[in-house]
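Quick note on the working numbering: the sequence shown kicks off at -15 and runs consecutively.
Don't be surprised by glycine CBs; every beta carbon is placed ideally from N, CA and C.
Predicted model, so just to flag it, every value in this text is computed and none were measured.
Read through the structure below, which is laid out as structure tokens, and then see the notes.
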Amino acid sequence: MSLPAALAPGTVIGGHYIIGTLINQGGFGAVYRGTDTSENNRPCAIKETYDVTPAARRQALMEASVLLTVRSPHLPEVYDTLEANGRFYLIMQLIEGQNLLQLLRSRVPNGQVGVRVPGQLSKSPCSEQEVLSWLLPLMDALQELHSRRPAVMHRDIKPGNIVLTPTGTAVLLDFGLTKLYDPNSSTQTLGRAVTEGFSPLEQYVGKTSPQSDIYSMAATMYILLTNRLPPAATSRGVRDELVAPRLLDPSLSPKLEWVLLKALALHADQRFTSIGEMARILREPTFNDYDEPTVSVPYNPPSPIVAGNSGAASTPYNDPTIAVPYNPAATFQGSGNAPSTVQAPLHIKPNPSPISASYPFLPGTVGQAGAYSPISPQQSSGYTPGGAGQQQMGYPGMSGPQGYGGYSAPQTPVPGYGISQPVLPLTPAQQKKRARAQAAANRPLPVPADQGCLWGVLQGLVAAALVLFFKEQVDFYLAMIIGFLFYVGAGFMTSRRGGSPVRGAWAGYWTGIFGTITFWIVLGIGLLVSALQRFQILTRYNTGVNPGSLFSQAWNTIQPQWPAIPALLANQPPFVNYLVFMLIGLLIAWTAGGIGGFWSRAQRVTRR
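This is the structure we're talking about:
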């Protein structure tokens, strides 16, 4: 399908915006260099949207509203919005420079982007320090957008949408796919636009969240550092072929590799909780003991293995076509002393110094502070460039071998170091189950005030119904006990998926407020209805009697047995004592909600 014809230079829109040269054009619109004659010929960028349907118009206005409320040197400034010639236009700040895709293309051989393979030793197109200096400020700007309520997501982060100005400042462009986070809604067709390699799995089905931007940012860092395009998220669900960054460039820091692999997790709940957390970890001091370049030492041609028993059966260690973990003890067989040989080069390096305090945990404790564990090139695996006739050494995920320095290889595969195992595709029922579980995990934590409103209304209705039906004094006290149970329940339900017990305490507090209001409203309406029914009966049998007197009699008849309010403050009117009594009740509600919060936290710890 051909694109619409570009506007001719010199075209005037909106009365004072002059179209200049075409900067970029795509299926949804085009961007032109322009001039604003009403602002002393100020240079500007004019973004044209082809589709002017209500949905497209809302999307364009969403982009404008986001950028109008943000002031950051890393986001473009919006000047104006308008409609002309049946199309929608967004007038924004003109950002001079080249995007990171153009920069990457200029630094790689023959301009071939994303084609690097493991074992192809060459200098990375962008250094780790460069990439962090460009993208960390963008993470801070995105964290500000994600922290809004509802969160604002970009959903199209990629090298082509990041411009590097002549001063070295990175600016994130193209908010055309911006979306407000609503876990209960799916994105429509326009918003489902994806970029293979940079869009996470959930974006293909329209269920994006702030974690989706984390995935796209990590994919952008990955290709800038390795010149390898991450595999499409849809294919990773069947066979994950994501190559660990240090297999492509061993000079990258282990911490950066750990961050990228976690941020590129296939499922959103396995990534960082926020892009701010990701930036914070990247800013932490780096552990460098494993950063020496790997030394490749080729072995001699293969020779027969010396075996103690000439009739011994063939094993994986003497079959040159099988990749096995390197074990120094396994190179000596029987009574012979000659070591066996392999055909692939053995990667060795000096014995590293003891583990620094910056990395106190080995793999398996991801999620704790400092839980990322350095992965040396000897522990990297998952790719055999030569196929048959070559062997890999120090393969993580394989049991048995001891790594250099005495550290055992992990017993489970490290993300990104995929062991070639057949993976059956999920059935439709399994896909639906996984999608439901992922959607449930992506839901935000309950808001204490919202939970308090829900539980308070329920508590007020139950308590009022109890008093209206039975009207005994003991029923008021029973309603109070029910209220305390609701306070604890509200605190438990608010904190059961995460958060501190204080969230539960505030849920109990709001339950007390909404419950009290609901109780008195429902009780008052119920008493009024009962009084009117009684009044109709009295007027039917007492014609000619003053209606006011009959209503007073009806009102007194339907009254419940009110409990006596204790005189907490002597020599004070009943209203003051009642107010103090209510304040004490709110304090009790807050405490009961906190008990529910601590209860839910104990339940979470037990489940772990």
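Note down the Cα distance separating Asn211 from Ile198, rounded to an integer number of angstroms. The straight-line gap from Cα to Cα measures roughly 19 Å.
Range of the contiguous beta strand (DSSP E) that encloses Lys142: Note, Lys142: premise wrong, no beta strand (DSSP E); not H, not E.
List the whole-angstrom C-beta distance separating Phe503 from Ala576, where the pair is believed to meet the contact cut-off of C-beta under 8 Å. About 16 Å; that fails the 8 Å criterion.
Given this structure, state the Cα-to-Cα distance separating Ile141 from Thr151, to the nearest angstrom. Their backbone Cα atoms lie some 21 Å apart in a straight line.
Out of Ala(-11), Gly(-1), Thr19, point me to the one whose CA is closest to Gln9's CA. Taking only the C-alpha atoms, the option nearest Gln9 is Ala(-11).
Coil, strand or helix - Leu87 by DSSP: In this structure, DSSP gives Leu87 a helical state, which the three-state scheme calls helix.
Between the alpha carbons of Gly578 and Ala474, how many angstroms are there, rounded? If I take the Cα positions, the gap works out to 9 Å.
Hey, out of Val441, Ala463, Leu6, whose CA is closest to Leu450's CA? Ala463
Where the beta strand (DSSP E) through Phe72 begins and ends: 71 to 76
Buried or exposed: which applies to Val281, given that a residue is buried once 16 or more other Cβ atoms fall within 10 Å of its Cβ? Its pLDDT being 47, under 50, Val281 is placed unreliably in this model, and the value from its coordinates should be taken loosely. By the neighbour-count rule (16 or more Cβ atoms within 10 Å), Val281 is not buried but exposed.
When we look at the beta-carbon of Ser183 and count the other beta-carbons within 10 Å, is it buried (16 or more) or exposed? buried
So, at 7 Å on beta carbons, what are the nonlocal neighbours of Phe519 in its own chain, with the 5 sequence-adjacent residues on each side left out? For Phe519, where only same-chain residues beyond five positions count, the Cβ hits under 7 Å are Leu534, Phe535, Ala538.
Residues that Tyr16 bridges to, as DSSP identifies them: Leu6, Ile30
First through last residue of the beta strand (DSSP E) which encompasses Leu66: 62 to 68
Between Trp583 and Leu429, what straight-line distance do the alpha-carbon atoms span, to the nearest angstrom? 17 Å
Backbone CA spacing between Ala515 and Leu522 [nearest angstrom]: Each residue's Cα considered, the two are about 10 Å apart.
Which value, in whole angstroms, describes the spacing of the CA atoms of Arg26 and Gln86? 26 Å
Is Ile466 near Leu511, with beta carbons less than 9 Å apart? no
Report the rounded CA-to-CA distance for Gln327 versus Val54, giving the unit in angstroms. Confidence in Gln327 is poor, its pLDDT being 44 and thus under 50, which makes the residue's placement unreliable; the coordinate value appears in the next sentence. Answer to the nearest angstrom: the Cα atoms are 59 Å apart.
Where Ile3 and Ser131 are concerned, what is the direct C-alpha to C-alpha distance, given to the nearest angstrom? 36 Å
With a Cβ-Cβ cutoff of 9 Å, do Asp124 and Ala252 count as a contact? no
Of the residues Leu438, Leu570, Leu563, Ile509, the one placed nearest Ile497, counting alpha carbons only: Leu570
Have a look at Pro269 and Leu120 and give me their C-alpha separation to the nearest angstrom. 15 Å
Beta-carbon proximity check, Leu232 vs Arg100, cutoff 9 Å: yes
With Leu185 as the anchor, note down where its alpha helix (DSSP H) starts and where it stops. Where Leu185 is concerned, there is no enclosing alpha helix (DSSP H), given that its DSSP letter is neither H nor E.
So for Ala548, helix, strand or coil by DSSP? coil
Could you have a look at Ile79 and say whether DSSP puts it in helix, strand or coil? coil
Apart from the five residues just before and just after Arg71, which ones in its own chain have a Cβ nearer than 7 Å to its Cβ? Contacts found: Glu32, Thr33, Tyr34, Val36.
Based on the DSSP secondary-structure assignment, which residues constitute the bridge partners of Arg212? Val99
Exposed unless 16 or more other CB atoms sit within 10 angstroms - verdict on Gln517: exposed
Let me confirm a value: Arg487 is counted as buried when at least 16 other C-beta atoms fall within 10 Å, else exposed. Which label applies? buried
What's the C-alpha gap between Pro214 and Asp158? 21 Å
I need the boundaries of the alpha helix (DSSP H) containing Ala135, first residue and last residue. Ala135 -> no alpha helix (DSSP H), and no H or E assigned at all.
Please classify Asn83: is it buried, with 16 or more other beta-carbons within 10 angstroms of its beta-carbon, or exposed? buried
Delimiting residues of the beta strand (DSSP E) encompassing Leu129: Counting along the chain, Leu129 falls outside any beta strand (DSSP E), though it belongs to the alpha helix (DSSP H) covering 112 to 130.
Does DSSP put Ala433 in a helix, in a strand, or in coil? Looking at Ala433 - three-state DSSP - the assignment turns out to be helix.
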